[in-house]
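Numbering (our numbering), first residue to last: 248 to 614. Note that the Cβ used here is the ideal one computed from N, Cα and C, for glycine as well. Since the model is a prediction, treat every value here as computed from it, not as a measurement. First up is the structure itself, then whatever we jot down about it.
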């Protein structure tokens, strides 16, 4: 039997607010089937980089927090530190960013805990049952200490994975700094010296001082590089590429295996909001014009089916004029691939199914 994915749009009237509609969706999808009584509940969320205006508003988190508290649980909001230059690379800056973006305990009703600690080193090595590329996933300790995991996802595009949804929020987002390095291992870049204009954009975006000018062109020192891929995206002349042509595939395979490590053996539930569908991850300080109109809210016990439902919903939309997708002008590709043709979002879905994380089919129930 196909997993059930519940859906509702963002339309509301005078009789129901959007938070109330989200709560109705969450209950319809069966969150109250979970025993929350006196359980610690990790709400895995992305707080958004400072300057990013596409990340989820804190009011959505408040809805979920209130539901969990009413069901007897002890919720906290959580994410892990990042590898790159930005406002979330250590716990102090990360918490400050969460607060500045609206995720204070007063607005959400829950505390923020950065799962991998002050410097991103507080991790647990978690065996991946059936893992082909990851034997032990390095997960933020606070996430693994929780009794229940709920993912609250902003579904959007992504410049390497193809899209960011439940699997990426759980997999990449729950990885410690070392875990993120592990997932990005195949993405180490090389520079085409004939194309390079020595502008320094790659050096400026790197948190590890890996790209530097050598004999008139940039050179990436792999001894310093963490493989995050940010330099590939900022290069204005596309002189930087991944050394492994299958880098996007391996990234998605590892994201799926990390996500499985996070949810295996304990109750989990997943909610995705498909709105402000930026071509880029919320890790960017910029977010750009949404590639498609807002779609709606989805919820399911199956993160794979949920991601597939969201992806197919995005691909069914008309393209937003003036967006990166519109400018790319690739009618031969679907909406998630059109902005970044080198990506392969379906590989994340297929591999997640292969390792037993969920199903690549669903029954859509509209409420």
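Quick one: give me the first and last residue of the alpha helix (DSSP H) that residue i is part of.
{"i": "residue 273", "result": "265-275"}
{"i": "residue 386", "result": "Unbroken run through residue 386 is the beta strand (DSSP E), 383-387; no alpha helix (DSSP H)."}
{"i": "residue 310", "result": "305-317"}
{"i": "residue 585", "result": "582-585"}
{"i": "residue 450", "result": "448-452"}
{"i": "residue 445", "result": "No alpha helix (DSSP H) holds residue 445; DSSP gives it neither H nor E."}
{"i": "residue 539", "result": "No alpha helix (DSSP H) contains residue 539, which DSSP labels as neither H nor E."}
{"i": "residue 479", "result": "477-481"}
{"i": "residue 501", "result": "494-510"}
{"i": "residue 572", "result": "571-575"}
{"i": "residue 354", "result": "352-355"}
How close, in whole Å, do the beta carbons of residue i and residue j come, if the pair is a contact with beta carbons under 8 Å?
{"i": "residue 292", "j": "residue 324", "result": "6 Å"}
{"i": "residue 517", "j": "residue 599", "result": "Not confirmed; about 12 Å, so no contact."}
{"i": "residue 541", "j": "residue 521", "result": "7 Å"}
{"i": "residue 373", "j": "residue 391", "result": "6 Å"}
{"i": "residue 385", "j": "residue 349", "result": "With a Cβ gap of about 29 Å, residue 385 and residue 349 do not count as contacting."}
{"i": "residue 287", "j": "residue 326", "result": "With a Cβ gap of about 16 Å, residue 287 and residue 326 do not count as contacting."}
{"i": "residue 358", "j": "residue 529", "result": "Actually they are not in contact, since the Cβ atoms of residue 358 and residue 529 sit about 21 Å apart, beyond 8 Å."}
{"i": "residue 615", "j": "residue 490", "result": "The shown model of the chain, from 248 to 614, leaves out residue 615, and the question about it has no answer."}
{"i": "residue 449", "j": "residue 487", "result": "6 Å"}
{"i": "residue 592", "j": "residue 402", "result": "Not confirmed; about 11 Å, so no contact."}
{"i": "residue 555", "j": "residue 602", "result": "In fact, because the Cβ distance is near 15 Å, the residues do not count as touching under 8 Å."}
{"i": "residue 585", "j": "residue 577", "result": "4 Å"}
{"i": "residue 315", "j": "residue 514", "result": "Contact doesn't hold; Cβ gap of about 12 Å is too wide."}
{"i": "residue 276", "j": "residue 594", "result": "Not a contact, Cβ separation roughly 27 Å."}
{"i": "residue 298", "j": "residue 532", "result": "4 Å"}
{"i": "residue 552", "j": "residue 609", "result": "4 Å"}
{"i": "residue 544", "j": "residue 255", "result": "5 Å"}
Under a three-way DSSP split, which group does residue i fall into?
{"i": "residue 293", "result": "coil"}
{"i": "residue 488", "result": "strand"}
{"i": "residue 563", "result": "coil"}
{"i": "residue 255", "result": "strand"}
{"i": "residue 436", "result": "strand"}
{"i": "residue 606", "result": "coil"}
{"i": "residue 598", "result": "helix"}
{"i": "residue 420", "result": "helix"}
{"i": "residue 377", "result": "coil"}
{"i": "residue 425", "result": "helix"}
{"i": "residue 346", "result": "helix"}
{"i": "residue 471", "result": "coil"}
{"i": "residue 330", "result": "coil"}
{"i": "residue 552", "result": "helix"}
{"i": "residue 414", "result": "helix"}
{"i": "residue 637", "result": "As shown, the chain starts at 248 and ends at 614. That puts residue 637 outside it, with no answer to give."}
{"i": "residue 522", "result": "coil"}
Taking the beta carbon of residue i as the centre, do at least 16 other beta carbons fall within 10 Å, making it buried, or is it exposed?
{"i": "residue 387", "result": "buried"}
{"i": "residue 418", "result": "buried"}
{"i": "residue 469", "result": "exposed"}
{"i": "residue 249", "result": "exposed"}
{"i": "residue 451", "result": "exposed"}
{"i": "residue 500", "result": "buried"}
{"i": "residue 377", "result": "exposed"}
{"i": "residue 492", "result": "exposed"}
{"i": "residue 460", "result": "exposed"}
{"i": "residue 344", "result": "buried"}
{"i": "residue 347", "result": "exposed"}
{"i": "residue 258", "result": "exposed"}
{"i": "residue 311", "result": "buried"}
{"i": "residue 497", "result": "buried"}
{"i": "residue 429", "result": "buried"}
{"i": "residue 561", "result": "buried"}
{"i": "residue 370", "result": "buried"}
{"i": "residue 539", "result": "buried"}
{"i": "residue 319", "result": "exposed"}
{"i": "residue 484", "result": "exposed"}
{"i": "residue 467", "result": "buried"}
{"i": "residue 329", "result": "buried"}
{"i": "residue 444", "result": "exposed"}
{"i": "residue 262", "result": "exposed"}
{"i": "residue 279", "result": "exposed"}
{"i": "residue 523", "result": "buried"}
Pull up the DSSP beta-bridge partners for residue i, would you.
{"i": "residue 517", "result": "398 and 547"}
{"i": "residue 360", "result": "325"}
{"i": "residue 339", "result": "In DSSP, residue 339 forms no bridge with anything."}
{"i": "residue 465", "result": "460"}
{"i": "residue 370", "result": "387"}
{"i": "residue 405", "result": "409"}
{"i": "residue 287", "result": "321"}
Just curious, the beta strand (DSSP E) that residue i is in, first and last residue?
{"i": "residue 610", "result": "610-613"}
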